[in-house]
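As structure tokens, the structure follows; a few thoughts come after it.
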Amino acid sequence: MPKRVRPPRKSAVVSKRPVRRRPPYWAVAPGLTFTLVLIVVPLAIGLFISFSDVTGATVATWTSAPFLGLSNYGDALSGEGALGTSVVRSLLISIAFALTTTIIITPLGILSALLAAAPTRFSGVIRVCFILPYAIPPFVNGVIWRLLFLNDGLINRISAAVGLGGKHVYWLLGERSFWAIVIADAWASWPFIFLFVLAGLQGIPAETLESAYIDGASRLRATWSIKLPMLRRVLALALLLSTINHFNNFTLPYVMLGAPAPSGGNVIPLHIYSTTFTTFQFGVGAAMGVISVCLVAIPAIAYVRAVRLSIPRGVA
Amino acid sequence: MHRQPWINRKIFGPLYWPLTLGLIAIVAAPLAYAILISLTPDSEVRAGNLLPTTVKWHNYVRMWSTLPLARDLANSLVVCLASGCLAVLLGLGLAYGLSRFAFRGRKGILIGLLCAHSIPHVMLLLPLFVLLASIQQAIHTVFIGSRWALVLVYLTFALPFAGWLIFTYLAGVGEEVEEAARLDGCTRFQVLYHIVVPMIRPAIAVSFVFSFLTAWSDVLFASVLTDKATRTVAVGVQTFIGQSSGEVFWGQLLAASLLNAAIVATLFAFCQRYLVGGLTAGAVQ
Numbered sequence: 078m079p080k081r082v083r084p085p086r087k088s089a090v091v092s093k094r095p096v097r098r099r100p101p102y103w104a105v106a107p108g109l110t111f112t113l114v115l116i117v118v119p120l121a122i123g124l125f126i127s128f129s130d131v132t133g134a135t136v137a138t139w140t141s142a143p144f145l146g147l148s149n150y151g152d153a154l155s156g157e158g159a160l161g162t163s164v165v166r167s168l169l170i171s172i173a174f175a176l177t178t179t180i181i182i183t184p185l186g187i188l189s190a191l192l193a194a195a196p197t198r199f200s201g202v203i204r205v206c207f208i209l210p211y212a213i214p215p216f217v218n219g220v221i222w223r224l225l226f227l228n229d230g231l232i233n234r235i236s237a238a239v240g241l242g243g244k245h246v247y248w249l250l251g252e253r254s255f256w257a258i259v260i261a262d263a264w265a266s267w268p269f270i271f272l273f274v275l276a277g278l279q280g281i282p283a284e285t286l287e288s289a290y291i292d293g294a295s296r297l298r299a300t301w302s303i304k305l306p307m308l309r310r311v312l313a314l315a316l317l318l319s320t321i322n323h324f325n326n327f328t329l330p331y332v333m334l335g336a337p338a339p340s341g342g343n344v345i346p347l348h349i350y351s352t353t354f355t356t357f358q359f360g361v362g363a364a365m366g367v368i369s370v371c372l373v374a375i376p377a378i379a380y381v382r383a384v385r386l387s388i389p390r391g392v393a
Numbered sequence: 006m007h008r009q010p011w012i013n014r015k016i017f018g019p020l021y022w023p024l025t026l027g028l029i030a031i032v033a034a035p036l037a038y039a040i041l042i043s044l045t046p047d048s049e050v051r052a053g054n055l056l057p058t059t060v061k062w063h064n065y066v067r068m069w070s071t072l073p074l075a076r077d078l079a080n081s082l083v084v085c086l087a088s089g090c091l092a093v094l095l096g097l098g099l100a101y102g103l104s105r106f107a108f109r110g111r112k113g114i115l116i117g118l119l120c121a122h123s124i125p126h127v128m129l130l131l132p133l134f135v136l137l138a139s140i141q142q143a144i145h146t147v148f149i150g151s152r153w154a155l156v157l158v159y160l161t162f163a164l165p166f167a168g169w170l171i172f173t174y175l176a177g178v179g180e181e182v183e184e185a186a187r188l189d190g191c192t193r194f195q196v197l198y199h200i201v202v203p204m205i206r207p208a209i210a211v212s213f214v215f216s217f218l219t220a221w222s223d224v225l226f227a228s229v230l231t232d233k234a235t236r237t238v239a240v241g242v243q244t245f246i247g248q249s250s251g252e253v254f255w256g257q258l259l260a261a262s263l264l265n266a267a268i269v270a271t272l273f274a275f276c277q278r279y280l281v282g283g284l285t286a287g288a289v290q
């Protein structure tokens, strides 16, 4: 695309030198105030509570709660909290959950995008079908998969029919619950990768591929050597976002397993939830929250760095 | 979206239809089973009949009286509409300021908006609760448990999303018309209202619908911050599970859940093109 030549002007968006222009406060202030009050202040309160002795009984006077130092963090790590299990175990479960799900849905997402991008008479219908799981609210997905994983549910019936396990397999209890939420979440979220890859495919200029074909590249070769590399950035963003979303996913495990969750499916959001709202150990719950924010910051920072590369010129 | 003639199904050869239909089957099977169970009387579900002997609509009738489902739906509607509108209004102002003016702290705010949605909601829930309780104490009014508390809380995810989305859209739209209007004597507000807003309608629509849908799907905040009269349908539906004797009304649970899915999917379908563009905004350029 030829770049439009524009006369240099002192616009904030184009100019290389930072020009300080005051924004109209009536426009910016309300949004900013709400963001501060609803996100920044709660984060600060969470941090404060994580260092303080706040429980269900003392929450009314939380501002004057005694300072505990790192003792809440110690309790969280040693498992003296609500459920007698360490937060480390939940963190490992969550990391495994986020990564396993992302690893399962990535090839599915790419494959389905390549399938749906091909123009056939039915490509509209195919796209709608592929997006469908994403358009269903997570709590409904949770209900459906809870039903499927009942010990006399469809999954066990099918596995019994092909000679694997059967009625005595409890998917929603114990260690196996991990795989129940992985399968359900993979089903519910692969359209996310599909959407990103599809959008990315449509952004590849046709000229690039035409010239590859003229040079004698096969279709498979063009897919492997041109389409996939050109999708790399879109895919990187999608994978980061997907990992963050899975790590933070509360609704699906909660609806499927409940809180307190069985040991295999006790992901960090559920662990925090039951520590905070079942046993009312607010300080320990807040400490777990802070630990989990620190961990999710790793993919989040990578995401911010990746997105800034693509922000329209001069914007950030 | 323009046609890309070079993408075609030849790379898959004869595998194209088997793969496509296989994926569609994976999507459809759980849904089909859920629909089937929603049409099955609970006695048969409990008896473990895989294929019901009788297909009945009565779950779809009874669910309205087993739970105050209509009231829950109305609560959801009010809360989601209000938080969607507020998010768009506040986000629009924020995005306008961020995209048209270079001021101190702008970059920080942008990064903040982008980061906001990776904060786990469960971490914000207790502090928000504590904060609302403190405000409540200070002004001697009880509003935890009210719909308005929920509307406010939903802004934690809706506002950063709306702000960021409208911002990326605005950043891609030239400023020329706005500057011309300024020269002709428009105030900033007139520029925003008469020129910017009509230009970015898709972005406004997407951020509204997205806020609405995310709020509709929330179970976490609503499970703690509502009471019986103000609970949203996402929480209400859960009470089909073990309401009194611990038994699950699977048929009605599935019926009510599928009703929710239908509402959300319909809304999603109407704005599908814009939504998809909005979700991947910033990733694809």
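Line by line, the protein sequences give chains A and B. Reading the first sequence from the start, the letters are residues 78 to 393 in my numbering. Reading the second sequence from the start, the letters are residues 6 to 290 in my numbering. Where is the CB? At the ideal position from N, CA and C, for every residue including glycine. Quantities reported herein were computed from a predicted structural model and do not represent experimental measurements.
Spell out a yes or no on whether the region 104-124 of chain A and the region 97-106 of chain B are touching, meaning 3 or more CB-CB pairs, one atom from each, closer than 8 Å. Contact between the region 104-124 of chain A and the region 97-106 of chain B is present: three or more C-beta pairs spanning the two stretches fall below 8 Å.
CB-CB length for B/Leu119 against A/Val384, believed under 8 Å: Going by Cβ atoms, the distance from B/Leu119 to A/Val384 rounds to 6 Å, so yes, they are a contact pair.
Assuming B/Phe148 and B/Gln141 are in contact, meaning their beta carbons sit under 8 Å apart, how far apart are those beta carbons, in whole angstroms? Their Cβ separation, rounded to whole angstroms, is 6 Å, which keeps B/Phe148 and B/Gln141 in contact under 8 Å.
For my contact list, A/Met307 and A/Ile258 are in at a C-beta cut-off of 8 Å; report their separation, rounded to the angstrom. Contact between A/Met307 and A/Ile258 does not hold, since their C-beta atoms are separated by about 33 Å, which reaches or exceeds 8 Å.
Looking at the C-beta of B/Ser216, does it have a partner C-beta in chain A at a distance below 9 Å? B/Ser216 does not count as touching chain A.
The alpha helix (DSSP H) enclosing B/Thr25, as first and last residue numbers: Counting along the chain, the alpha helix (DSSP H) containing B/Thr25 begins and ends at Tyr21 to Ser43.
How many Å lie between A/Ser148 and B/Thr231 at the Cα? For A/Ser148 and B/Thr231, the distance between alpha carbons rounds to 32 Å.
C-alpha gap between A/Asp292 and B/Phe17, whole angstroms: When the Cα atoms are used, A/Asp292 and B/Phe17 turn out to be separated by approximately 21 Å.
Just the C-alpha distance for A/Leu278 and A/Ala289, rounded to the nearest angstrom, thanks. Approximately 16 Å between the Cα atoms of the pair.
Assuming contact is defined by CB atoms lying nearer than 9 Å, are A/Trp267 and A/Ile180 in contact in what I supplied? Taking 9 Å as the Cβ cut-off, A/Trp267 and A/Ile180 do not qualify as a contacting pair.
C-alpha gap between B/Leu263 and A/Tyr211, whole angstroms: One C-alpha to the other measures close to 14 Å.
Can you tell me whether B/Leu20 is buried or exposed? The criterion is at least 16 other CB atoms within 10 Å of its CB, across all chains shown. Residue burial is scored here from C-beta neighbours: B/Leu20 has fewer than 16 other C-beta atoms within 10 angstroms and is therefore classed as exposed.
Starting from the C-beta of A/Ala379, find all residues in its chain whose C-beta is less than 8 Å away, skip the five residues before and the five after it, and write them out in chain order. So the qualifying residues of the chain are Leu317.
In angstroms, rounded to a whole number, what distance separates the CA positions of A/Leu275 and B/Thr25? Cα atoms of A/Leu275 and B/Thr25: separation of roughly 15 Å, rounded to the nearest angstrom.
Pick helix, strand or coil for A/Ser92, following the three-state DSSP scheme. Annotation note: pLDDT 43 at A/Ser92 (below 50); position unreliable, no value reported.
Can you tell which of A/Ser200, A/Gly123, A/Ala261 and A/Tyr331 has its C-alpha closest to the C-alpha of B/Trp22? Distances from the CA of B/Trp22 to each of A/Ser200, A/Gly123, A/Ala261 and A/Tyr331 were compared; the closest alpha carbon is that of A/Ser200.
Do B/Asp47 and B/Thr237 have their beta-carbon atoms positioned less than 9 Å apart in this structure? No. Outside cutoff.
Starting from A/Glu287, follow the alpha helix (DSSP H) in both directions and report where the run begins and ends. Counting along the chain, the alpha helix (DSSP H) containing A/Glu287 begins and ends at Ala283 to Ile291.
Output needed for A/Tyr150: all residues of its chain with C-beta closer than 6 Å, excluding positions within five of it in sequence on either side, in chain order. Excluding positions up to five away in sequence, the list reads Ala364.
Output needed in chain order: residues of the region 158-185 of chain A with a Cβ under 9 Å from some Cβ in chain D. Chain labels in this structure do not include chain D; the protein chains are A and B.
Assign A/Val381 to one of three DSSP states: helix, strand, or coil. In the structure shown, A/Val381 adopts helical secondary structure according to DSSP, grouped into three states.
Where does B/Thr146 sit, in a helix, a strand or coil, going by DSSP? It is coil, neither helix nor strand.
Minimum Cβ-Cβ distance from A/Thr132 to chain B less than 9 Å: Using a CB distance cut-off of 9 Å, A/Thr132 does not count as an interface residue toward chain B.
Is the distance from the Cβ of A/Thr140 to the Cβ of B/Ser123 below 9 Å? The answer is no: Cβ separation not under 9 Å.
Determine, using beta carbons only, whether A/Leu120 and B/Pro132 come nearer to each other than 9 Å. Yes, they are a contact pair.
So if DSSP puts A/Phe144 in a beta bridge, which residue, or which two residues, is it bridged to? Bridge partners of A/Phe144: A/Ser129.
In chain B, which residues lie with their C-beta within 8 Å of the C-beta of A/Phe144? Identification of chain B residues near A/Phe144 by a Cβ-Cβ cut-off of 8 Å yields none; the smallest Cβ-Cβ distance measures about 17 Å.
Got a sec? Which residues, its chain only, sit under 8 Å from B/Ile200 by beta carbon, not counting five neighbours each side? Excluding residues within five positions, the ones whose Cβ falls inside 8 Å are Val182, Glu183, Ala186 and Cys191.
Closest to A/Leu188 by C-alpha separation, out of A/Thr112, A/Leu297, A/Asp262 and A/Phe144, would be which residue? Selected option, being the one with the closest Cα: A/Leu297.
Bridge partners for B/Thr231 per DSSP, in chain order? B/Gly150, per the DSSP bridge assignment.
Per the contact definition of three or more C-beta pairs closer than 8 Å, is the region 150-161 of chain B in contact with the region 198-215 of chain B? Too few Cβ pairs lie closer than 8 Å, so no.
Look up B/Ile246 in the DSSP assignment and say whether it is helix, strand or coil. Three-state result, B/Ile246: strand.
B/Asp189 classed as buried or exposed, judged by whether at least 16 other C-beta atoms fall within 10 angstroms: B/Asp189 comes out exposed.
Given that a residue counts as buried once 16 or more other Cβ atoms are within 10 Å of its Cβ, and exposed if not, what is A/Arg198? When all chains shown are included, A/Arg198 counts as exposed.
Selected residue, minimal CA-CA separation from A/Pro143, among A/Ile126, A/Ala153, A/Ala294 and A/Cys206: The candidate whose alpha carbon is nearest that of A/Pro143 is A/Ile126.
Listed by chain order, chain B residues near A/Gly123 by CB distance under 8 Å: Those within 8 Å of A/Gly123 in chain B are Met128, Leu129, Leu131 and Pro132.
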